[in-house]
Amino acid sequence: MAASDSDAESDVETGQGDAKGDHEGAAVSLRDVRKTYYLGEPVHALDGVDVTIPRGSYTAVMGPSGSGKSTLLNLIGCLDTPTEGEVWVNEREVSAISQRERTKVRGQEVGFVFQTFNLMPKLTAAENVALPLVFQGIDKSERIDRANELLEDVGLADRGDHRPNELSGGQRQRVAIARALSASPAIILADEPTGNLDQETGKQIMGLFQRLHDEGNTILMVTHERPIAEHAQRVIHVLDGTIERVEEIESPRRVETDLP
Amino acid sequence: MEFAESLRLSWRAIRSHKLRSILTTLGVVIGVAAVITFVTLGTSLRADVLGQVGADRTPNVYVWASPAGQEGGGPGAGAQPVFTASDVDAIRNLSGVESVVARGVVPTAAVSAGGQTVAQRQVIATSPSYFDSGGFAEGRAFREGSREVVLNEQAAGLFSPSVEVGDNVTLRLATGNSVEAEVVGLLNGSSGGGAFEGLGQSQPLVFVPTDPFYRTTLEVPGSGESQRVYPTLTVVAEDFAAVPETKASVQAYLENESDAAKLVPGNYEFSAETDQDLVDQIKELLNTLTNFVTGIAVISLVVGSIGIANIMLVSVTERTKEIGIMKAVGAQNRDVLQLFLLEAAMLGLFGSVLGTPVGVLGAYAAAQYIGLSLVLPYEWFAIAVAVGILVGILAGLYPAWNAAKTDPIDALRYE
Ligand SMILES: Nc1ncnc2c1ncn2[C@@H]1O[C@H](COP(=O)(O)OP(=O)(O)OP(=O)(O)O)[C@@H](O)[C@H]1O
Ligand SMILES: [Mg+2]
Numbered sequence: 046m047a048a049s050d051s052d053a054e055s056d057v058e059t060g061q062g063d064a065k066g067d068h069e070g071a072a073v074s075l076r077d078v079r080k081t082y083y084l085g086e087p088v089h090a091l092d093g094v095d096v097t098i099p100r101g102s103y104t105a106v107m108g109p110s111g112s113g114k115s116t117l118l119n120l121i122g123c124l125d126t127p128t129e130g131e132v133w134v135n136e137r138e139v140s141a142i143s144q145r146e147r148t149k150v151r152g153q154e155v156g157f158v159f160q161t162f163n164l165m166p167k168l169t170a171a172e173n174v175a176l177p178l179v180f181q182g183i184d185k186s187e188r189i190d191r192a193n194e195l196l197e198d199v200g201l202a203d204r205g206d207h208r209p210n211e212l213s214g215g216q217r218q219r220v221a222i223a224r225a226l227s228a229s230p231a232i233i234l235a236d237e238p239t240g241n242l243d244q245e246t247g248k249q250i251m252g253l254f255q256r257l258h259d260e261g262n263t264i265l266m267v268t269h270e271r272p273i274a275e276h277a278q279r280v281i282h283v284l285d286g287t288i289e290r291v292e293e294i295e296s297p298r299r300v301e302t303d304l305p
Numbered sequence: 121m122e123f124a125e126s127l128r129l130s131w132r133a134i135r136s137h138k139l140r141s142i143l144t145t146l147g148v149v150i151g152v153a154a155v156i157t158f159v160t161l162g163t164s165l166r167a168d169v170l171g172q173v174g175a176d177r178t179p180n181v182y183v184w185a186s187p188a189g190q191e192g193g194g195p196g197a198g199a200q201p202v203f204t205a206s207d208v209d210a211i212r213n214l215s216g217v218e219s220v221v222a223r224g225v226v227p228t229a230a231v232s233a234g235g236q237t238v239a240q241r242q243v244i245a246t247s248p249s250y251f252d253s254g255g256f257a258e259g260r261a262f263r264e265g266s267r268e269v270v271l272n273e274q275a276a277g278l279f280s281p282s283v284e285v286g287d288n289v290t291l292r293l294a295t296g297n298s299v300e301a302e303v304v305g306l307l308n309g310s311s312g313g314g315a316f317e318g319l320g321q322s323q324p325l326v327f328v329p330t331d332p333f334y335r336t337t338l339e340v341p342g343s344g345e346s347q348r349v350y351p352t353l354t355v356v357a358e359d360f361a362a363v364p365e366t367k368a369s370v371q372a373y374l375e376n377e378s379d380a381a382k383l384v385p386g387n388y389e390f391s392a393e394t395d396q397d398l399v400d401q402i403k404e405l406l407n408t409l410t411n412f413v414t415g416i417a418v419i420s421l422v423v424g425s426i427g428i429a430n431i432m433l434v435s436v437t438e439r440t441k442e443i444g445i446m447k448a449v450g451a452q453n454r455d456v457l458q459l460f461l462l463e464a465a466m467l468g469l470f471g472s473v474l475g476t477p478v479g480v481l482g483a484y485a486a487a488q489y490i491g492l493s494l495v496l497p498y499e500w501f502a503i504a505v506a507v508g509i510l511v512g513i514l515a516g517l518y519p520a521w522n523a524a525k526t527d528p529i530d531a532l533r534y535e
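The listed protein sequences derive, respectively, from chains A and B. The opening residue of the first sequence carries number 46 in my numbering; numbering runs sequentially from there. The opening residue of the second sequence carries number 121 in my numbering; numbering runs sequentially from there.
Okay, structure coming up:
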């Protein structure tokens, strides 16, 4: 990493007020990232993105459908690799490491929350929460303790033995959040976490994110809804694969945290 | 990822499709059962036949002349009477030879005793030393030059009441003449008649001394003298160690110096076989048979494994999304590979574990039906289970590989 510090200096021009353009100390940093799909005509899902997400920040990503929000998140979450440019997560260039290493980063350094929850249907809530730990070879008793602790944190201590199909949408999303947290990742990525939930339930989830942020977690959340985005400190507006502007939210919305 | 945890996850996947898993397993059950049935039957048959043949192994070399290139048919098949009395004497003097028993057949029409007559195609003419190995239930061997006969129990049992030692029998020869003789010995039913009478068979046998009963004679070439000629000889070696050497020297004598060499038809050759040769031949025959039938059974096992491969492919496609989720939360390719391989291996394992007793049951039923006593090939049970697992793994390899290299984003998008 030290070797690439010198390039970092020359590439600083990102135009983002708070972004120093350096991965040093940042949770996430993207440098001139492009993602192009070649299906006959090339589709530029991301067309030169530079952005830095500081540690402990709460950032929302907004933009019209097809503008590249999910693509951006997938790159940061190591689910995908950029066609060009560098993606740094936790001061490590994940766009230049082996697939195996990227899988490790995915399991340990980021936690993903999806719009459609993506829980394993045949596993109980507790087993779902413990799943990332299974692939890291964590001891069974330790896994169980951790899963129960996290389920308690998201207010589902009594639902550990339930299968996803026995839970409500909001409960499923809370299980998914607990799972995202299980490996104590540096950053939580959420792709429209409230997209499939009603307003009231969405608020609960926002309350949970708020608490996670208050506890010092870094959160990057894609959303379509302005009111949801306003819970964050900053909103990155994406348009046609580029960052249109970054908006600072003066006073982010707060939810009354009264988890059931 | 720990092995125990993959085992648990794979087991759960199998259980979540009970009927499908059972039907898939059934394919392997049938395959393994078929293989085990035939292997068990083959083993039992071998043990049965070899038990009969190999029980009283003797240091004998069986000698006869038969058409060149003739395969099978057993000792003495196609034999022509070519061994002269001088040949017999000469062979007796070869080193390593203990004794030579000549054997010929006297064609007959029937045997009568106590007013009853039963058809009998032939009686066996031989010398008293034929009975050196014993096997008498009653009485003794006949004496050369006297009108005496020895019957085996099957032959004695043709009459009711059974013929006993001391009774008189009448041999109706094929020539139309009748000859009276006294029964002096009865052979055990199980002692058999020796290699030339067919192995493990139990037909009625009547033995008579060559003198006076055996009349087949030929003029010895170059001497002008007529001698008895015999179709088959049993050369008894001094001990087991001398058997191979005896066999070789007898064969050399026959080919180079004997009268038989001059008498034998052009396209005939001499055969000399030991008990061990016979046992080996039977073993080989049984092995070929067992392998052939087992080979057919293996085909059903292959069909069973195709069933596993098929169901695993379906399973992988069905669970694409789950694979995506696992990969998204940090599952490595090899974790996914391990999960699906284990699932396939478990299907194979269950199939073989269930198939083995089913196969034994099938073999038991078949053995009961044909009156065979069952010998269980235990090592094959272990092999079957190992093969079951292997079949599962092989069948699961491609589907699991497919699963492992699934792209997480594509998989998560999969509906
Ligand atoms: N696998 C792919 N193959 C081809 N094109 C793709 C692929 N994935 C994404 N795209 C294209 O990339 C662009 C960005 O897609 P992306 O999913 O990032 O949009 P999004 O901003 O998340 O949209 P939405 O709000 O609807 O979820 C779209 O034009 C899409 O068609
Ligand atoms: Mg999207």
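Heads up, the beta-carbon is just placed ideally off N, CA and C, and yes, glycines get one too.
Bridge pairing for B/GLN347: B/LEU338 [DSSP].
Straight-line measurement puts the Cα of A/PHE254 at about 9 Å from the Cα of A/HIS276. Following the DSSP letters along the chain, one finds A/ILE121 in no beta strand (DSSP E) but inside the alpha helix (DSSP H) bounded by residues 114–121. In the structure shown, A/ARG79 adopts extended strand secondary structure according to DSSP, grouped into three states. The residue from A/ALA170, A/THR169, A/ARG79 and A/GLN153 with its alpha-carbon nearest to that of A/GLY130 is A/ARG79. Exclusion of the five residues before and after A/PRO177 leaves GLY152, SER227 and ALA228 as the residues of its chain whose Cβ lies within less than 6 Å of its Cβ. Close CB contacts of B/VAL495 within its chain, under the 7 Å cut and outside five residues either way in sequence, are with THR163, SER164 and ALA167 (chain order).
The contact set of A/VAL179 on chain B, defined by CB atoms closer than 7 Å, consists of MET121 and GLU125 in chain order. Chain order gives no chain A residues near B/GLN488, where near means a beta carbon separation below 7 Å; the closest approach is about 46 Å. Contact of A/ARG151 with chain B by beta-carbon distance below 7 Å involves ALA448 and GLY450. Taking C-beta atoms as the reference points, A/HIS282 and A/MET165 fail to come closer than 8 Å.
A/GLY182 reaches chain B at MET121 and GLU122, counting residues in chain order whose Cβ is nearer than 8 Å.
Excluding the 5 residues flanking it on each side, B/GLY444 has same chain C-beta neighbours closer than 6 Å at PRO528, ALA531 and LEU532, in chain order.
In the structure shown, B/TYR534 adopts coil according to DSSP, grouped into three states. Chain order is used for the residues whose beta-carbon lies nearer than 6 Å to a heavy atom of ligand 1, namely A/TYR82, A/LEU84, A/VAL88, A/ALA90, A/GLY108, A/SER110, A/GLY111, A/SER112, A/GLY113, A/LYS114, A/SER115 and A/THR116. In the structure shown, B/ASN213 falls within a coil segment according to DSSP collapsed to helix, strand and coil. For ligand 2, no non-hydrogen atom lies closer than 7 Å to the CB of A/ASP259. With fewer than 16 other Cβ atoms from the protein chains shown falling within 10 Å of its own Cβ, B/ALA239 counts as exposed. By the C-beta density criterion, B/VAL149 is buried, having at least 16 other C-beta atoms within 10 angstroms. At a cut-off of 8 Å between beta-carbon atoms, A/MET165 makes contact with chain B. Sequence-distant Cβ neighbours of B/LYS382 in its own chain, meaning closer than 7 Å and more than five residues away, are PRO341. Sixteen is the threshold: since fewer than 16 other Cβ atoms of the shown chains lie within 10 Å of the Cβ of B/LEU143, the residue is exposed.
Contact note: B/GLU442 reaches chain A through MET165, using a C-beta cutoff of 7 Å and chain order. When beta bridges are read from the DSSP output, B/GLN242 appears opposite B/PRO227. Cα atoms of A/THR128 and A/ALA141: separation of roughly 11 Å, rounded to the nearest angstrom. Annotation for A/HIS89: no alpha helix (DSSP H) segment contains it, though the beta strand (DSSP E) segment containing it runs 86–99. Distances from the CA of A/GLN144 to each of B/ILE490, B/ALA502, B/GLN452 and B/PHE501 were compared; the closest alpha carbon is that of B/GLN452. Assignment of B/SER130 by DSSP, reduced to helix, strand and coil, places it in the helix class.
Below 8 Å, too few C-beta pairs join the stretch 410–423 of chain B and the stretch 244–263 of chain B to call them touching: fewer than three. As a beta-bridge residue in DSSP terms, A/MET107 pairs with A/HIS282. The closest CA to that of A/GLU295, considering only A/ARG279, A/GLU289, A/ILE189 and A/ASP198, is found on A/ARG279. Inter-segment contact for the stretch 212–221 of chain B and the stretch 376–391 of chain B is absent: fewer than three beta-carbon pairs are separated by less than 8 Å. Within the stretch 134–163 of chain B, contact with chain A at the beta-carbon level (separation under 8 Å) is assigned to SER136.
Distance check between A/GLU293 and each of A/ARG217, A/ALA105, A/ASP95 and A/ALA221 places A/ALA105 closest, using alpha-carbon atoms only.
The C-beta of A/ARG224 comes closer than 8 Å to at least one C-beta of chain B. With a 10 Å radius around the Cβ and a threshold of 16 neighbouring Cβ atoms, B/VAL422 comes out exposed.
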